[in-house]
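Note that this note's numbering has the sequence shown beginning at 361, numbered continuously upward.
Idealized CB from N, CA, C, for every residue including glycine.
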Amino acid sequence: MRLAMPLFLRIFLGFWLVTVVVLGSAIVAGNYLDALVPDNGSLIEGKRPMPGPEGPPRVFVRLLYELQNAPREQLPQIIQAAQSRHKVEVYLIDPEGEDLLQRTLPASVASIASELDRNRRRVFQRSGRQQYLGHLLYRADTGPLRSVLVLPAPRIPLVTLLGSNAWLRAALALLVSGLLCYAVSRLLTRRLAALRQAARRLAEGDLGTRIDVRTSGRDETDDLARDFNHMAELLQERINAQKTLLANVSHELRSPLARMQVALALAEQQPEGAAAQLARIAREAQRLESLVGELLDSQAAPSDLEQHIDLVVLLEELCNDARFEAGEQHRVVFHSDVAEALVKGNGSQLRKAFDNVLRNACHYSPPQSTITVSLQQNGAAHTITVADQGPGVPESDLTRIFEPFYRVDTARDRQTGGHGLGLSIAKQALLRHGAGISARNTHPGLAVEITLPACAADAA
361 MRLAMPLFLR IFLGFWLVTV VVLGSAIVAG NYLDALVPDN GSLIEGKRPM
411 PGPEGPPRVF VRLLYELQNA PREQLPQIIQ AAQSRHKVEV YLIDPEGEDL
461 LQRTLPASVA SIASELDRNR RRVFQRSGRQ QYLGHLLYRA DTGPLRSVLV
511 LPAPRIPLVT LLGSNAWLRA ALALLVSGLL CYAVSRLLTR RLAALRQAAR
561 RLAEGDLGTR IDVRTSGRDE TDDLARDFNH MAELLQERIN AQKTLLANVS
611 HELRSPLARM QVALALAEQQ PEGAAAQLAR IAREAQRLES LVGELLDSQA
661 APSDLEQHID LVVLLEELCN DARFEAGEQH RVVFHSDVAE ALVKGNGSQL
711 RKAFDNVLRN ACHYSPPQST ITVSLQQNGA AHTITVADQG PGVPESDLTR
761 IFEPFYRVDT ARDRQTGGHG LGLSIAKQAL LRHGAGISAR NTHPGLAVEI
811 TLPACAADAA
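As structure tokens, this is what we get:
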């Protein structure tokens, strides 16, 4: 079973592994190239360059010159004077390996002397807090002598220390690369962590959760944050709409039920008037049935949106039905600029939507008025306008009349038997077909305008 690895850890290890490989390759290549540097006489053959000066300081150069050229009997005085003046130990070793001052040679000094025996003219070594300068001197009276100067070692700068220790360079490289990779990985995943926390808060019911979107330096995480905020806004709007719908449904159901209970109580108290109360109960039950049916229609989604519907035929049939129902009360007129207007969608849903709009116009038009239905083709869309001669709607309510249960005049709607769902059902059905619906006042009257995409053949 594969172990789950967080994205941050995968990014961090990936960056770090690549960095370690690159740095390791550079170190190995550098060590290999250092090994190819030829011996310039100041280094021990077979060893890496030692830290330190390319040659002894000038005062020690003068000392070495005196040791090589001064008379032999003056050499002890020169050595003692240099040791007291410069705080340095000076060893002068003859070919037999004896110190000129008859001192016992420390192991480190003997090691330098043995290096000089191997045809080395100069040797530099550092051990702890001391450094050793070994030089081969040639005197005519004694033959070759080996001088070893022991002096305090200065502190090694960090750069020099790193240059002399491959393991230290590797450790520092790992530390620096690890810190840099951690910073880069944290920077890349910080926004994702914020998105995760916001998603959790949203899932817990905090619908107001949003993620800050940067205005400068935008990248894919900002696009993701923007999409998340858009999703949260839509989710908040829909949940609030559902809460409002539930509250409205509860209110609408409670009113007829309350009237039915009152009618039932009156029928029990006044048996002689039971017939009238039963008729009232029947009307309220019919109103409840109508309301439930409209609610189901508003939430139903069409299963087939691939039918080809001719709007001319559909609207003519609806206008004929409206004329039949209106009788002498209203005059319904239909105009079309085209003989055929094909759209793709669900026929029953479109019929219900247009019928609701037309019935709404008939309900609020005064007697002997005219309801006009017009159809026009505008490029790749068909525009249907249903205009009445009623009182119109306040400008502030032109968009709200498409909300569920919204009424401009509650008392008037109750008299006409409406529930404030007709235009809402029409809007939902038209939106599923990619259509748009809007309303405007025509003074007098209200015009509802619907725009439906035309079929490809009609659009051409």
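Backbone CA spacing between residue i and residue j [nearest angstrom]
i: H803; j: I761; result: 18 Å
i: E676; j: R647; result: 29 Å
i: V419; j: A531; result: 39 Å
i: L613; j: Q596; result: 26 Å
i: S708; j: Q602; result: 25 Å
i: H793; j: P813; result: 8 Å
i: E644; j: C722; result: 23 Å
i: F765; j: M620; result: 21 Å
i: T759; j: V768; result: 11 Å
i: V381; j: L435; result: 57 Å
i: A513; j: V448; result: 11 Å
i: L452; j: E426; result: 12 Å
i: L638; j: S756; result: 41 Å
i: L735; j: L790; result: 16 Å
i: L626; j: P616; result: 15 Å
From the options, residue whose alpha carbon lies closest to that of residue i
i: E433; options: A553, I797 and L460; result: L460
i: L540; options: T379, A442, D697 and Q736; result: T379
i: I731; options: L476, G750, A741 and G739; result: G750
i: H742; options: C679, D583, C815 and A635; result: C815
i: V673; options: V698, H723 and E649; result: V698
i: E666; options: A645, V573, E685 and V703; result: V703
i: E475; options: R506, L465 and P466; result: R506
i: P754; options: I453, T464 and R800; result: R800
i: A618; options: R640, P631 and E632; result: R640
i: V573; options: E564, N589 and P631; result: N589
i: A686; options: S696, R560, S729 and E809; result: S729
i: E456; options: L638, G633, R551 and P504; result: P504
i: N738; options: N680, T581 and S696; result: S696
Sequence-distant residues of its chain with Cβ nearer than 7 Å to residue i (five each side left out)
i: E763; result: S784
i: L548; result: I371
i: F375; result: C541, V544 and S545
i: G705; result: L665, Q667, I669 and H793
Spatial neighbours of residue i in its chain, beta-carbon cut-off 8 Å, leaving aside the 5 residues before and after
i: Y492; result: S468, V469, I472, V483, F484, Q485, R486, V508, L509 and V510
i: S725; result: H690, I731, D748, Q749, G750 and G805
i: G752; result: N801, T802, H803, P804, G805 and L806
i: A682; result: H690, V692, L718, R719, C722 and I731
CB-CB length for residue i against residue j, believed under 8 Å
i: V733; j: L718; result: 7 Å
i: Q788; j: P727; result: Their Cβ separation, rounded to whole angstroms, is 31 Å, which puts Q788 and P727 out of contact at 8 Å.
i: I439; j: A430; result: Not really, about 10 Å apart at Cβ, beyond 8 Å.
i: N720; j: G782; result: 5 Å
i: Q443; j: L497; result: Not quite, the Cβ-Cβ distance comes to about 17 Å (not below 8 Å), so this is no contact.
i: L555; j: A592; result: Actually they do not touch by this definition, with Cβ atoms about 11 Å apart.
Residue i, DSSP secondary structure in three states
i: G503; result: strand
i: N429; result: helix
i: Q667; result: strand
i: K447; result: coil
i: A747; result: strand
i: A807; result: strand
i: Q646; result: helix
i: G488; result: coil
i: N706; result: coil
i: Q689; result: coil
i: G653; result: helix
i: Q736; result: strand
Residues near residue i in its chain [Cβ-Cβ closer than 6 Å; skip 5 each side]
i: F714; result: L678
i: A533; result: L383
i: T464; result: none
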